Every structure is written in C-alpha cells, then in structure tokens.
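K.L.:
Residue numbers (my numbering), protein chains in the order written: chain A, 9 to 218; chain B, 71 to 165; chain C, 8 to 552.
A virtual CB, placed ideally from N, CA and C, is assigned to each residue, including glycine.
All values derive from a computational prediction rather than experimental measurement.
Below you'll find the structure I mean.
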Amino acid sequence: MNNTMEVVESHHTDEGAKLGMWLFLFTELLLFGGMFILYSIYRAKHSQEFFLAASELNTFIGTFNTLVLLTSSLTVALSIEAYRRAHKKAAIWLLIATILMGLTFMVNKYIEWTAKIHHGIYPGSAELLSMSDGEMLFFNLYYVMTGLHGLHVVIGVGVLSFMLYFISKKPPEGEKFDKSAAIKLENSGLYWHLVDIIWIFLFPLFYLIS
Amino acid sequence: MSEHESEHLLGYGIFMVVWLALIVLTGLTVVVAGVDLKAMTVTTALLIASIKTILVLMYFMHLKYEPKFFRIMVIIVVIALVTFIFITFLDVFFR
Amino acid sequence: MLNHAVAGAGYVDENYLEYQGKHKGILGWLLTTDHKRIGLLYMWSILSVFLVAVGIGFVMRLEQLTMGETVVDAQTYNSLFTLHGIIMVFMFIIPGIPAVFGNFIMPIQIGARDVYFPRINLLSWYCWLAGAVLAVIAVFAGSGSPDTGWTFYAPFSSRTGTNVVLALFAAFILGFSSILTGLNFVTTVHRMRAPGMTWFRLPLFVWGLYATAWIQILATPIVGITLLMVVAERVFNVGIFDAAKGGDPILYQHLFWIYSHPAVYIMILPGMGVISDIIPTFAKRTIFGYKAIAYSSLAIAISGSLVWGHHMFVSGQSYLVGVIFSAITFLVAIPSAIKVFNWVATLYKGSIDPQPPLLYSLTFIFLFMIGGFTGVMNGVLNVNVHVHDTYFVVAHFHYVMFGGTGFALFAAMHYWFPKMFGRIFNKKIAHIALAIMFVGFNMLYFTMLTMGYQGMPRRYYDHLPQFHTSHVVATVGSWVLIAGLLLMFWNLFRSIKKGEKVGDNPWGGATLEWQIPSPPPHENFEKIPYVDHEPYEFQKVEAGT
C-alpha cells in the first residue's frame, strides 16, 4: 500500500452537511411516527368516540394554523433562494416573516390549549376521566402529539432566529454570499419544512374527523 | 457536479405555484371532511395529506433535485412506518 | 474540518496521544475532536460502567447462592437487575464497539483523517456522559432506584414510586448519543472514502458499522418517543398505555420492542464485523464470500426489524401475528449462519496463526452459535410458552450479547490495542484469561439454559430447592468468569504503558490501519492513500506493494 498518488483533499462540500441533516430528519419522522402508530390503532379501535371528541376542537383555528405553517414554509424557501441570489435584504425579511408566522402558530396553540384546559379537558382531569375510553385517548394523544409538535416549532423558531445572525454577516471577499451560511440556512429550512409536514398530517387527523 | 446540483436555483415562481397548490389542497381537505365518506374518510384525508407532503418534500425541500439516494431513503422510512402500523394492526384486530 | 489544498500540507507526525493542539493537557482530551481520542474517551467510560454492571451481576449471583434472602432483599434485587440491564444495554453494549473501535479505526480503514462531523462526535460522548450521570442520580435520589427492569413495561412503570422518570430521561439521552454516532458514521462512509475505495473494497468491519448506523438512526427514535410517553404518563397523567384510561399496555410492548429488537442487531453487527476483519488476518487469506457477508449485514438489519413480537408471544398479542413473527425469526438466522459458514470457510486451508485475536474470535463463533440456536428455539411458539421469562431466555441473551458481542469486543481489544498504543500485551496471559473465562462463562450460562428449561423464573431474588444446585454452580461459574475477566483486563491495561513496543503491523493485517504507524499520527495519513485493491489481499501486502 505504498502506492499513494498525490491526492488533492477536497473541502467538505455542502452535500455532507445536507446528508447529515436529512438523516436527522429521518429520526424526527420516526419519533413522531411512533405516536402515529398509536394514533392509528386507537382511532381504528374507537372511531366513533374519536369523531365525538374531535368536535370539541376548533376547526377554524386548526385550518388557520395550517395555512400559517404552509406559508411560513414558502417564506423560508424564498429566503434561501433570495440569499443564494445575493438578495440579502429580501432573504432577511423573508426569514423574519417565517419566524413571525412560527410565533403566530404558537400563539394560536396557546389559545387553543388554554381554552381546553379552562373547560377542564386536560390529561388527568376529572372531566377527562369521566369520558369514554376513545375520547380520553383522543385528548391524551392530542396533547402529547400537538405538544411535541409545538416544542419543535419553538425549537425551529429558535434555530431560524440564529440563522438571521449568520445571513446578516458580510460574505467573504469577492463572494456573492457566504456559502457556509447558505448551507446552515438550507438545513434549518429543511428542519422547518419537516415541522410543517408533521402538522400537515396532524391537522386532518385531529381537526377534520367530525 | 455535486456543487452544481446543490446550487440549483429553482426560481421564486415554482415556490409560489407549489404554495398555491398547498393552499388549494388544504381547502379541499376541509371541504371533503364535511362530506360523509364512511370508510373512505381516513383514506381520503391521508391521501390529500400525502400529496401535500410530497409537494413540500420535492420542491420546498429540494428532494426532486437531490441525488436519488435521498428519495430512496424517504421511501424506506415511509415503508418502515407503514409496516410497523400494519403488523401492529394484525395484532390488535385479530386478538 | 481539515482543508488542505495539497495533500500533506501541515502534516503533523506526532502520534495522537502526544499531540498538543489548540487545547493542552486534560482539555486536549475533554475538548478534542480527534476521533481517536474520542474513541479512547468512550473506551474508558464504557469499560468503567461495564465493571460496575459486572459487580452488580456478581451481587445478584451472590443472592442466589443460598435460598431465602442472602445479601439483599427482594426490592433491592429488583433494582439491581434493572440497573444491571440499563447499564449493560444502554451504556455498554449498544455504544460499545461502534463508539470505541468504530470511532478509532473506521475512519482510518476508509482512508480518512476523521469522521465527517468531529464536533458532533464529541457531543455524542457528552450525551453518553449526561445519560450516565442521570442514571447514577436515578439510583441514589429520593424515591429509590428504579425497579421496573430495563424494559420499563407499562403499567408498572407508570405506577411504581421509584425514580423512573430520571431513568427514562437517562435512556433517552443515551439514545440520542447513539443516534448521533449513527448519523456521523453513515455520512462519513458516504462522503469520506479515500479515492479508489469503492463500496466493495471497504473492510467488512465498516460494512458492519454501516448497517448498524442505519438501525441506530431509524429505530432509536421510536423507543425515544415511547420512553417520553411513559414520562408523560407519570408526570402529566396522560393515559396512553393505561387500561384504566382506555389505553393498551401491549402497545407499549410493541413500541418498545420495535426498537429493542433491532437494538440487539446494533449490538451484534459491529461484533461480527470485527470477526470478519480478524479471521482473514490470521488465516492469511482473503475472506470467503465478501459480498455475501456484506449483504448479510444489511439483510440482518432489515429482517431483524420485523421480528419484535417474538418478545411478546405470551403477552396477549394475537395468535396470527405470533405466527408471523415466529416465521420471520427463523429467517433472520439465515444471514447470521451465512457469516458463520463464510468465516469457517476462510479458515479452511488458510495459514492459521493462533494469536489471541483469533482465539477470542473462535470463542465468539462458538458462544454466538449457542446463543443463535437458543434464539431460534425461543422463536418456536410452543417452546416459548414454556421458557418465556425463565432463565432459558436469560442464558440465550447472555450467550449472544456477552458470548457474542462481549467476546467480539475482547477480540477487538486484543487485535487493535497494539495499533492504538504501539505496545503488545502478554499473549500467554491473554490465552489463559480466555480459557478461564470460557470455563466460567459456560458454568454460569449453560447451567441457566437447563435451569430455565426446568422452569426457574427470571427476575426472582429467590429460588425453589430443585434449582438450588444449579444456582450454586452458576454462581461459582460467575466467580471464575469474573476472575478471567479481571486477568484479561489487567493484561491489556498493563500493556498500554508497559507492554513491549510493536511496529506498524504486528499481525500482518492488510487493511489500511496497518499501513500507518502504531500509535497512529494525529492526522492518520501523511498522504491520503489511493486504494486499488480488495481489503484482504495479503499477497500484495507481503510483496510490499
């Protein structure tokens, strides 16, 4: 093995960081996947009671939140596009818009949850424990799944806010944009889109079954 | 070659079109939910959600323009999940 | 991240142990991003907890030396086997070979200078540490050490008063460490192979690690969410698995085993990879059936993900699904058998060099086969009804996890220590320790096979008179085993500073790690090699090309 050619060692390209991010997204898909397994079994077992319980949820807020997240996916995708075209100002504003929509989502979630809790419907409450099995399961799953999803929205908002810092920096001499910042922004965008995808499934499964 | 792919700029236009499609599909799923489809309710909801997801994956997440390996992996993850659900169903509903 | 426009620019040929980089002294270890140092950090921490868990096993066996209460009461015994399982499974075996030898050796074997994400590599070790610390706190904090067994079955895990939440968070963080390692390894193998290193020129150790990494990525999150849900049950009264709240406790078992069965393949595949590397070196022949072994790793990963219900035959799950799981369980044995056949075929007419790594590997094959056979036996539905939750199962998994992965780890230590430290241990002592361990191991675990078959239940702190003799034999066996273990470790650790020095290639291996100095330089290679041949081509190595 002394047959060593002069080898030019390459830079880490963005392909590797992207691969790493996708692998991480697979773990997130399976994390929520575990709960979808539970949801599908319990729904099939208690379909009538799920229908009943779902009517307690506010379809309007759910739909509104869906539109908010979908639009935030658009703005983050546009932000990346803008940054790569060196439209830095547009990129920053689009990213801010994404963050604001994420926060809007959380505000809506807060409103929904507090309303429910105010009505005595929360895990372990007397009201909940007096319901049928299927209804209890529906609400327990609702809280756990939307709760975990909400946590991911908050994390996503945090990550995207960090990205504001990176893309506001001056690009290196002679470059149109900072490549490593672009990679970070893209990977953050991927995370954000995943959060959107999970909601795309949560929405009909919780809000649209009545 | 890989540098080229990763810098593939889609153009603002495509994103707007995809977004529009997503909004329309959301509207569709809400409307369809009001119609009693009995056994097909879940299937229809999941179908529309899947189409929306595929749009987000392929365009917003650039999956259409990534190496084939990425698409294969996403499919494998989906198959894994579906298999787990299926086999668990075989337990719960055949006891 | 190393950006060299020309190979070798800035090359440092100090070895990695002496290298003084940005951080000096202890910080040079605690803040290192060198995969070799991280491998060692893992090694010291993992072996430490291993010895603690062995100690716990020692006490458990001591309890069974006499009937009635011997040294601990029933509640303590429950906490002991819980902790023994948590440490061994989550802190020792699952990280084990990948975190230590995967980290140290794999990048060198593919001709890289490090893994793709060196800082995430360090983070994975800190996650491991955090999980370990949480586990320690769970043992000693107010409400008492967890007593659920490492399996945390619902509904007991939601109802028992002990420190379950802490233990669950510990397991969750340890799972995160595992995911980060898997993610790093997949990216590294995809993106950092040296020029000419095609997929089918990878050493089989790398194939084993690669298949393992995928399971780590895909399966771990599912147990992650399951454990989180038990936390939610305890803290927020969410009744997902609680029958009183409409839930189904068997669904907990499904979700738990959907991970924990593939987890045992996370445990064994790297070990098999080690054996696949060692055997060619000491038969001085290329491996028989390279592609079959490579593909069998993938086959084990995939088919092994479809058998989880074989842990649940008597749980109340449907008969239909029991039959399906049983059938697929038989199938999983096939790719494992293919490996065994190919290892043996490699030895046939080879130039056998009976060095410690080879003898430990042969012991692996023997013990793993017993484990594998008893696994298939467990997979037979009507046999399982009889042996579920008995010592038969306990013996089975100790044969595969300890006799298998454990001995593969020992083989790896004997194989790669000379590379890692540039010094060799005493070979005679290595052989003697192996012999002692072999005797002790079988005294301990073969007895358990018969005991279990005769009906001795597991996780009981006491036993009926008809099992007494077996228990005494097993306990004495545990003492012999531990003696051998300690002798082996003493021999190995002593060699790190006091062993006779060795050169680049004391065993005559053909893979890339044997073409660089022992201990390796900080950046592994002066020039990244160009790879133009299969991994185990001994003629080329001997000819000096």
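Residues of chain B with CB under 8 Å from Pro4 (chain A), in chain order?
P.N.:
Examination of residue 4 (chain A) is not possible in this model, given that chain A is present from 9 through 218 alone.
K.L.:
Whose Cβ in chain B lies nearer than 8 Å to the Cβ of Ser283 (chain C)?
P.N.:
What Ser283 (chain C) touches in chain B: nothing, since even the nearest Cβ is about 25 Å away.
K.L.:
To the nearest angstrom, report how far apart Val122 (chain C) and Ile285 (chain C) are at their CA atoms.
P.N.:
23 Å
K.L.:
Exposed or buried, which one is Arg166 (chain C) when buried takes at least 16 other CB atoms within 10 Å?
P.N.:
exposed
K.L.:
Between the Cα of Phe192 (chain C) and the Cα atoms of C:Ile222, C:Arg208, C:Lys298 and C:Val328, which residue gives the shortest distance?
P.N.:
Considering only C:Ile222, C:Arg208, C:Lys298 and C:Val328, the residue with the shortest C-alpha distance to Phe192 (chain C) is C:Ile222.
K.L.:
Would you list the residues sitting across from Asn244 (chain C) in a DSSP beta bridge?
P.N.:
Paired residues: none, contrary to the question.
K.L.:
Does any residue of chain B have a CB that is nearer than 8 Å to the CB of Ala119 (chain C)?
P.N.:
no
K.L.:
When DSSP builds the beta bridges, which residues end up paired with Arg430 (chain C)?
P.N.:
C:Lys508
K.L.:
When you compare only the Cα positions, how much space is there between Ile235 (chain C) and Phe179 (chain C)?
P.N.:
It is Leu, not Ile, that sits at residue 235 (chain C) in the sequence shown. A direct Cα-Cα distance of roughly 8 Å separates Leu235 (chain C) from Phe179 (chain C).
K.L.:
Quick one: grab the DSSP three-state call for Asn22 (chain C).
P.N.:
strand
K.L.:
Would you list the residues sitting across from Pro528 (chain C) in a DSSP beta bridge?
P.N.:
C:Asn22
K.L.:
Please report the distance separating the alpha-carbon of Leu198 (chain A) from that of Met143 (chain B).
P.N.:
15 Å
K.L.:
Taking Leu160 (chain B) as the query, report the chain C residues whose CB atoms sit under 8 Å from its CB, ordered along the chain.
P.N.:
Ser325, Leu327, Val328 and Ile331
K.L.:
Rounding to the nearest angstrom, what Cα-Cα distance links Phe445 (chain C) and Thr370 (chain C) in this structure?
P.N.:
8 Å
K.L.:
Kindly list, in the order they appear in chain B, the residues whose Cβ is closer than 7 Å to that of Ile265 (chain C).
P.N.:
Phe154
K.L.:
Could you pull the start and end residues of the alpha helix (DSSP H) that Gly278 (chain C) belongs to?
P.N.:
In this chain, the alpha helix (DSSP H) harbouring Gly278 (chain C) covers Pro256 to Ala290.
K.L.:
Would you call the segment 299-309 of chain C and the segment 273-280 of chain C in contact, with 3 or more CB pairs under 8 Å?
P.N.:
As far as the Cβ criterion goes, the segment 299-309 of chain C touches the segment 273-280 of chain C, which means the pair count is three or higher.
K.L.:
Can you check which of these residues, A:Phe72, A:Ser55 and A:Leu60, is closest to Val115 (chain A) by C-alpha distance?
P.N.:
A:Phe72
K.L.:
Given a limit of 9 Å on CB to CB distance, which residues of the segment 255-279 of chain C reach chain B?
P.N.:
Correct list: Asp255, Ile257, Leu258, His261, Leu262 and Ile265.
K.L.:
Based on DSSP bridge pairs, tell me the residues matched to Pro464 (chain C).
P.N.:
Looking at the DSSP output, Pro464 (chain C) bridges to C:Thr397.
K.L.:
Just how far apart, CA to CA, sit Val61 (chain C) and Val230 (chain C)?
P.N.:
Here the C-alpha atom of Val61 (chain C) lies approximately 25 Å from the C-alpha atom of Val230 (chain C).
K.L.:
Does Ile129 (chain A) come out as helix, strand or coil in the three-state DSSP assignment?
P.N.:
Reduced to three states, the DSSP call for Ile129 (chain A) is coil.
K.L.:
With a threshold of 8 Å between beta carbons, is Trp30 (chain A) in contact with chain B?
P.N.:
yes
K.L.:
Tell me whether Thr319 (chain C) is buried or exposed, calling it buried when 16 or more other Cβ atoms sit within 10 Å of its Cβ.
P.N.:
Position check: residue 319 (chain C) holds Met in this sequence, whereas Thr was assumed. That one is buried.
K.L.:
Which residues of chain C have a Cβ atom closer than 8 Å to the Cβ of Val152 (chain A), listed in chain order?
P.N.:
Within chain C, the residues near Val152 (chain A) are Met236, Ala239, Val245 and Ile247.
K.L.:
With DSSP run on the structure shown, which of helix, strand or coil describes Glu520 (chain C)?
P.N.:
helix
K.L.:
Tell me whether the beta-carbon of Phe139 (chain B) lies closer than 8 Å to the beta-carbon of Glu89 (chain A).
P.N.:
no
K.L.:
Evaluate the contact criterion for the segment 350-363 of chain C versus the segment 397-416 of chain C: three or more CB pairs, one atom per stretch, below 8 Å.
P.N.:
The answer is no - the segment 397-416 of chain C does not touch the segment 350-363 of chain C, with fewer than three Cβ pairs under 8 Å.
K.L.:
Report all residues from its chain with a CB closer than 6 Å to the CB of Phe97 (chain C); omit the five preceding and five following residues, and keep chain order.
P.N.:
Ala178 and Leu181
K.L.:
Quick check: what's the CA-CA separation for Glu541 (chain C) versus Thr353 (chain C)?
P.N.:
15 Å
K.L.:
I need the DSSP call for Met139 (chain A), collapsed to helix, strand or coil.
P.N.:
coil
K.L.:
Can you find a C-beta in chain B that's less than 8 Å from the C-beta of Ser140 (chain A)?
P.N.:
no
K.L.:
Three-state secondary structure (DSSP) at Val104 (chain B)?
P.N.:
For the sequence presented, residue 104 (chain B) should be read as Gly rather than Val. Gly104 (chain B): coil per DSSP, three-state reduction.
K.L.:
Verify the CB distance criterion: does Pro228 (chain C) have a CB-CB separation below 8 Å to chain A?
P.N.:
yes
K.L.:
If the cut-off is 7 Å on Cβ atoms, which residues from the segment 79-109 of chain B count as contacting chain A, listed in chain order?
P.N.:
Leu79, Leu80, Tyr82, Phe85, Trp89, Leu92, Ile93, Thr96, Thr99, Val100 and Ala103
K.L.:
State yes or no: is the C-beta of Met420 (chain C) nearer than 7 Å to some heavy atom of the ligand GTP?
P.N.:
No copy of the ligand GTP occurs in the structure displayed, which carries no ligand at all.
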